[in-house]
Each structure stands twice: as C-alpha cells, then as structure tokens.
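Trainee: In my numbering, each residue carries its 1-based index in the sequence shown increased by 2.
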Amino acid sequence: MKPLLKALRGEALPRPPIWLMRQAGRYLPEYRALRTKAKSFVDLALNPELAVEVTLQPIRRFGMDGAILFADILLVPHALGQKLEFLAGEGPQLEPIRDAAGLAKLSDARAADILAPVMQTVKGVRAALPPEVTLIGFAGAPWTVATYMIEGRGKTEYENCRRMLWSEPKLFASIMDLLVDSTAAYLNAQAEAGAEALKIFDSWAGAVPAPLFDVAVIAPTARIVKAVKAKHPNIPIIGLPRGAGSHVARYAAETGVDAVAIDHMTDMASVILPPGVVPQGNLDPMLLMVGGAPMEAEARRILASMKGRPFIFNLGHGVLQHTPPEHIARLVEVVKG
Ligand code: CP3
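Here's what the structure looks like:
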C-alpha cells in the first residue's frame, strides 16, 4: 500500500509521508508559465490537460508522497450558478448572496456537468502518477465556501456571514443544505474517478462564534463524511478545521474524518484525537519563506515530537506565494531523511 494511505489508516511509518497544502501554484515558475495558456483561473481549473500538468509539477520537482488535485474550492459555487471571477492581486470575486432571492437563483441541476472536467483531471493524474504517490481530491467545507458566497470575496471579517448565522438561521441552513448535497456529490464523483483520499478544507472555521460551531462546521461536515462513506466506505477523509482551537478534539470525534490537519497555531503533539484519527501538520508556512536553519530546526522538532506515532507531515496552512522553491526541496529532503 502507498505510504500516505498507510499513514491515513493509522500506521506509524519509519518516516512520515509528506505533502503540502497549495503545493501547486504561483510560487512555481512552471505554473506561472502554464497559467498564461488559459484565459482565466476558472478556465485553467476546468481544463483537464492543463490541470493534470499543474497537479504533477510539484511531484516531479520535489517528490512528495501525495498529489493534490489542481482545482479550487470555489468551483462548487461556480457550478451552482454563482458568478465567479479571480481578479489579479485581489483574489476571488463573487456576486454575493444575502437573501432568499439570491439563494433561489442557484441550482445544482447542472453542477455535475459543469464539474465533469475535474473528473477528467482526476483520471488523467491517476494514470500519470508514480505508483507510490497518492492522489488527494478535495472540496471546501460548507462554512468556508459559504463565507465567499455570502461576502462575495475573501479577506473579510465575515460580518455578513455572522449576521446571517445569528439573525437568519433558516436562510443559513438552506445554504448549508445546498452545499452539503452538492459537495458530497462532487467528492463522490472524485472518488469514482480515482481519487484515493479526500480532504475537506474549512480554512475559516476559526471565524465561527463558539456556540454555533456545531451548526456551521461540525454538523455539515459530518453529513458530507456520512454521504461519502455510504458510497466509498474505505476512502480516507482528512478534515482541516483551521483555527478551530478548543473545538479540534470534538471536530475529530464527531465529524467521522480519518485525519485532522492541525494548524500552526496549535501544539500538534499535545492535541488529543480519538483513537484511529491521524494528525497531519503543522509547520508554519512562513518558515518555508525563511528557509535555512530555522526551517530545518522546526521540521526536526516536529518529526521528533511525533516519532513513533501515525502522522503526516504538512504545513499549518498553504504554501505562500513568494516561497523560494529551493526551500521546499530542502524540506522534503529533511523529512525523507
Ligand atoms: O496545491 C494546490 O494548489 C491545489 C489546488 C488548490 C487551489 N486552491 C489552487 C489555487 C487548492 C487545494 C485550493 C483550495 C482553496 N482555494 C482554499 C482552501 C485552502 C486554503 O488555502 O485555505 C481556499 C480558501 C481557496 C480560495 C481561493 N482560491 C483564494 C482565496 C484564491 C486567491 C488568493 C490565493 O491565495 O491565491 C484562490 C485562487 C487560487 N487557487 C490560486 C491557485 C493556484 C491562484 C490563482 C492564480 O493562479 O491566479
């Protein structure tokens, strides 16, 4: 069995498998060269030929144990009919949904067709990957995707989302229902196409008010995990409840995920996960910008602190845009030993 899949099944390996969130993308010169071949970011993500190539770029260059499908969490709202654009330097822009009339414009009727190219990418990557490398499919968690759908952009204080959570729980629940169903279908399609593990990114879980953490994060995630496991009982699922702090153990116990990605604000070795749930993490992505002795010392500290336990080496969040590729090459060397 592939090393990353062994670790996800709870096996402690002589050295942990490594992959990095956002390991494909703008910090790689070969990505920037390829990016100019597509009209827009959405076109790139929905072009199987180019998306297969982008997925493979970091594997070829660095030899990670996992390849993450090249796509984006915002393809789901795009497939539901919400207008989406990526503006250079500003990130994603969507036509915000703030009321029932806005939500009524969305529909999952065409979602599978619009997302079909992603399944071609999954098939293409599986066919091209070295035999020991695991293909990870992914989707955004309903809460994190909803923050973009409701605010209309990233880098916010989530004011419209938090207002809706408290003042219009029924509208919020309807948005969650649509996202739970469409995300479960999207992940099941990736598993059918050949994804060997799945990851659910709740990058902004830390913005949820504590009393609503169940409603916004745990319950929708648990519903997706259940719907995926009903069709694909053996596919491991990694959850990333970024910034969830004191909720992490309960997230791990109640969502049904097989592994939990731990952010760099958390001391990974002291997080208590239920038996069988595997931790993944948690180097500060800033250390990949810094490189050299501080990066190596922290990578070694993490390795030592997790020694003998099932564990997957990763970052606490995604690779930053101006990361020197040589630092990643060195990190992979240090972890592989
Ligand atoms: O390794 C990989 O890069 C795999 C593919 C991948 C992308 N986005 C490609 C991408 C993955 C797994 C994502 C997930 C994603 N997208 C998340 C969750 C993970 C996280 O980082 O928290 C989120 C929140 C998004 C939303 C998103 N997509 C934003 C905020 C932006 C713009 C700003 C930024 O950080 O780049 C994107 C665009 C995006 N997604 C790019 C890439 C390579 C850059 C777009 C470009 O090349 O013009």
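A virtual CB, placed ideally from N, CA and C, is assigned to each residue, including glycine.
What residues in its chain sit with their C-beta under 7 Å from that of Leu89, if we drop five residues either side in the sequence?
Mentor: Within the sequence shown, numbered from 1, the residue matching residue 89 stands at position 87. Here Leu89 has Gln95 as same chain residues with Cβ atoms under 7 Å from its own Cβ, once five neighbours each way along the sequence are excluded.
Trainee: Round the Cβ separation of Ala210 and Ala199 to the nearest angstrom and send it over; I've been treating them as touching at under 8 Å.
Mentor: Residue mapping note: residue 210 aligns to position 208 of the sequence shown, counting from 1. Residue mapping note: residue 199 aligns to position 197 of the sequence shown, counting from 1. Sequence check: residue 210 is Val here, not Ala. 25 Å between Cβ atoms; not a contact.
Trainee: Per DSSP, which one or two residues make a beta bridge with Pro327?
Mentor: What you label residue 327 is simply residue 325 of the sequence shown in a count that begins at 1. For Pro327, which the question treats as bridged, DSSP gives no partner whatsoever.
Trainee: Give a single yes or no on whether Gly27 has its beta carbon closer than 7 Å to a heavy atom of the ligand CP3.
Mentor: Here residue 27 refers to the residue found at position 25 when the sequence shown is read from its first residue. Under cutoff, so the answer is yes.
Trainee: Who are the near neighbours of Pro171 in its chain, counting only those whose CB is closer than 8 Å to its CB and skipping five residues on each side?
Mentor: Working through the sequence shown from its first residue, we reach residue 171 at position 169. So the list reads Val217, once near-sequence residues are dropped.
Trainee: Give me the Cβ distance between Val280 and Ala9, rounded to the nearest whole Å; I'm assuming they're in contact under 8 Å.
Mentor: Taking the sequence shown and counting its residues from 1, the one referred to as residue 280 is at position 278. Taking the sequence shown and counting its residues from 1, the one referred to as residue 9 is at position 7. Contact between Val280 and Ala9 holds: their C-beta atoms lie close to 6 Å from each other, under 8 Å.
Trainee: Determine the DSSP secondary structure at Asn49, reduced to helix, strand or coil.
Mentor: Translated into the one-based positions of the sequence shown, residue 49 becomes position 47. Here Asn49 sits in coil by DSSP.
Trainee: Considering Cα atoms alone, identify which of Pro132, Arg28, Ala106, Leu86 is closest to Leu58.
Mentor: In the sequence shown, counting from the first residue as 1, residue 58 sits at position 56. Cα-wise, what sits closest to Leu58 is Pro132.
Trainee: Answer yes or no: do Pro119 and Thr185 have a C-beta to C-beta separation smaller than 8 Å?
Mentor: One-based indexing of the sequence shown puts residue 119 at position 117. One-based indexing of the sequence shown puts residue 185 at position 183. No.
Trainee: Ser205: beta carbon under 7 Å from a heavy atom of the ligand CP3?
Mentor: Counted from its first residue, the sequence shown places residue 205 at position 203. Correct: Ser205 has its Cβ closer than 7 Å to the ligand CP3.
Trainee: What are the start and end residues of the alpha helix (DSSP H) that includes Lys233?
Mentor: In the sequence shown, residue 233 corresponds to position 231, counting from 1. Note, Lys233: alpha helix (DSSP H), 221-233.
Trainee: How far does the alpha helix (DSSP H) with Ala114 in it extend, from its first residue to its last?
Mentor: Along the sequence shown, one-based indexing puts residue 114 at 112. Here the alpha helix (DSSP H) through Ala114 covers 113-130.
Trainee: Among Ala246, Lys231, Tyr160, which one has its Cα closest to the Cα of Ala212?
Mentor: Working through the sequence shown from its first residue, we reach residue 212 at position 210. Nearest C-alpha to Ala212: Ala246.
Trainee: Just to confirm before moving on: does the CB-CB distance between Ile220 and Ala251 stay below 8 Å?
Mentor: Position 218 of the sequence shown, counting from 1, holds the residue named residue 220. Position 249 of the sequence shown, counting from 1, holds the residue named residue 251. It is not a contact, given that the beta carbons lie outside the stated cut-off.
Trainee: Within its chain, find whatever has a CB closer than 6 Å to the CB of Phe174; leave out the 5 residues flanking it on each side and keep chain order.
Mentor: Counted from its first residue, the sequence shown places residue 174 at position 172. Excluding residues within five positions, the ones whose Cβ falls inside 6 Å are Met166, Leu167.
Trainee: In three-state terms, what does DSSP make of Asp286?
Mentor: As a first step, residue 286 must be located in the sequence shown, where it is residue number 284. Asp286: coil per DSSP, three-state reduction.
Trainee: Identify the continuous alpha helix (DSSP H) that holds Pro94 and give its terminal residues.
Mentor: Counted from its first residue, the sequence shown places residue 94 at position 92. From DSSP, Pro94 is part of no alpha helix (DSSP H) but of the beta strand (DSSP E) over 93-96.
Trainee: What is the rounded straight-line gap between the Cα of Gly139 and the Cα of Ala331?
Mentor: If you number the sequence shown from 1, residue 139 lands on position 137. If you number the sequence shown from 1, residue 331 lands on position 329. In a straight line, the C-alpha of Gly139 is about 23 Å away from that of Ala331.
Trainee: Our contact map puts Ala35 next to Leu46 with C-beta atoms below 8 Å; I'd like the distance itself, whole angstroms only.
Mentor: Within the sequence shown, numbered from 1, the residue matching residue 35 stands at position 33. Within the sequence shown, numbered from 1, the residue matching residue 46 stands at position 44. In fact, because the Cβ distance is near 12 Å, the residues do not count as touching under 8 Å.
Trainee: Excluding the five sequence neighbours on either side, which residues of its own chain have a C-beta within less than 6 Å of the C-beta of Lys201, listed in chain order?
Mentor: Start at 1 with the first residue of the sequence shown, and residue 201 comes out as number 199. Once the five neighbours on either side are set aside, the close Cβ partners of Lys201 are Ile138, Phe140, Ile240.
Trainee: Could you tell me if the beta carbon of His80 falls within a distance shorter than 7 Å of some heavy atom in the ligand CP3?
Mentor: As a first step, residue 80 must be located in the sequence shown, where it is residue number 78. Outside the cutoff, so no.
Trainee: Is Asp101 helix, strand or coil when you go by DSSP?
Mentor: Residue mapping note: residue 101 aligns to position 99 of the sequence shown, counting from 1. When secondary structure is reduced to three states using DSSP, Asp101 falls in the coil class, being assigned neither helix nor strand.
Trainee: Out of curiosity, what's the CA-to-CA distance linking Pro235 and Gly294?
Mentor: The count along the sequence shown starts at 1 and reaches residue 235 at position 233. The count along the sequence shown starts at 1 and reaches residue 294 at position 292. For Pro235 and Gly294, the distance between alpha carbons rounds to 42 Å.
Trainee: Buried or exposed: which applies to Arg244, given that a residue is buried once 16 or more other Cβ atoms fall within 10 Å of its Cβ?
Mentor: Mapped onto the sequence shown, residue 244 falls at position 242. Arg244 should be labelled buried.
Trainee: For the beta strand (DSSP E) that Val340 lies in, which residues bound it at each end?
Mentor: Not covered by the structure: residue 340. The range shown for the chain is 3 to 339.
Trainee: Ser176 and Leu105 - do their beta-carbons sit closer together than 8 Å?
Mentor: Position 103 of the sequence shown holds residue 105. Position 174 of the sequence shown holds residue 176. Yes. Within cutoff.
Trainee: Does the beta-carbon of Met267, which I'm using as the reference point, lie nearer than 7 Å to any heavy atom of the ligand CP3?
Mentor: Within the sequence shown, residue 267 is the residue found at index 265, counting from 1. Met267 Cβ: outside cutoff for every heavy atom of the ligand CP3.
Trainee: Does DSSP put Phe64 in a helix, in a strand, or in coil?
Mentor: Within the sequence shown, numbered from 1, the residue matching residue 64 stands at position 62. In this structure, Phe64 counts as helix in the three-state DSSP scheme.
Trainee: Tell me which same chain residues have a C-beta within less than 7 Å of the C-beta of Ala271, skipping the five on either side of it?
Mentor: Residue 271 sits at position 269 when you count from the first residue of the sequence shown. So the list reads Ser307, Met308, once near-sequence residues are dropped.
Trainee: Which word fits Ser205, buried or exposed, when buried means at least 16 other C-beta atoms lie within 10 angstroms of its C-beta?
Mentor: In the sequence shown, residue 205 corresponds to position 203, counting from 1. Buried is the call here.
Trainee: Kindly list the residues whose CB is nearer than 7 Å to the CB of Glu256, restricted to its own chain and excluding five residues on each side of it in sequence; keep chain order.
Mentor: Position 254 of the sequence shown, counted from the first residue, corresponds to residue 256. If the five residues before and after Glu256 are omitted, its C-beta is found closer than 7 Å to the C-beta atoms of Ile220, Ala224, all from its own chain and listed in chain order.
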